[in-house]
Structures are given as structure tokens and as C-alpha cells.
């Protein structure tokens, strides 16, 4: 899994239905932190539009999001750590996201 795929998977996981109403510090909060970090780093209108659109329909926007993450953004350790935290918290909730690994 590439770094861009790791981040995209974490975004899709955090946006999944059924996460509303969960306790603080859970997948939903970690997802919000990841999105905040990405918004802060993207700063261009196209990248932020793709990020917002991905929330509403990950299947349709997956390829464009990967392009944005690969070409418009340096995925530093801070973003990767936030993405891993989302996936780890989701696993602890009892879900398993196929293809994810902790680095």
C-alpha cells in the first residue's frame, strides 16, 4: 500500500456510516484531525474540493484523491501518523480494513 493509498483508506474509514455518536477520541475524532491536517497542507481550491467530494462519494473520487495526494502534497510523518491512528482505532472498534498495515 502506498502512502497515498494509506491516507485515502483512512479517510474512507473515518467517513464510513455508523461513526456518529461515538465517544471522544475515537475514529470520528481521529478522522477529523487527519482532514484538518490535509486541509492545512493542501491550501489550493482543487485539492480541497476533491477532499470534500471524496467524503460524499469515495468510490467516484478515489482516483482523483490519489492524484491530489501524490502530486499536490508531500505526505509527511504527521499526516501518515494521523492516517495510521484512524485505521488503528477502527480495528480496535472491531472492524478490519483490508490491506492496511502499520509501518
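Numbering (the numbering used here), first residue to last: 86 to 188.
Backbone N, C-alpha and C fix where the C-beta goes; we use that ideal spot for every residue, glycine too.
Contacts around residue i, its chain only, beta-carbon distance under 8 Å, and the 5 residues preceding and following it disregarded
i: residue 186; result: Confidence at residue 186 is low in this model, with a pLDDT of 46, below 50, so the placement of that residue should be treated as unreliable; the coordinate-derived value is given next. Only 86 meet the Cβ criterion.
From the options, residue whose alpha carbon lies closest to that of residue i
i: residue 100; options: 131, 149, 125, 144; result: 144
i: residue 156; options: 132, 170, 175, 124; result: 132
i: residue 152; options: 115, 135, 128, 117; result: 135
i: residue 164; options: 122, 139, 113; result: 122
i: residue 129; options: 162, 158, 111; result: 158
Nonlocal neighbours in the same chain, by C-beta distance under 7 Å from residue i, ignoring five residues either side
i: residue 160; result: 88, 89, 92, 154
i: residue 168; result: 91, 92, 95, 119
Assigned exposure category for residue i - 16 Cβ within 10 Å defines buried
i: residue 137; result: exposed
i: residue 175; result: buried
Residue i, DSSP secondary structure in three states
i: residue 107; result: Any reading at residue 107 must be qualified, since the residue scores a pLDDT of 49, below 50, and its modelled position is unreliable; no value is offered.
i: residue 161; result: coil
i: residue 129; result: coil
i: residue 168; result: helix
i: residue 87; result: coil
Rounded straight-line distance, which links the Cα of residue j to that of residue i
i: residue 97; j: residue 166; result: 16 Å
Cβ-based neighbour list, residue i, same chain, cut-off 6 Å, excluding 5 preceding and 5 following
i: residue 150; result: 93, 135, 139
i: residue 115; result: 170, 171, 174
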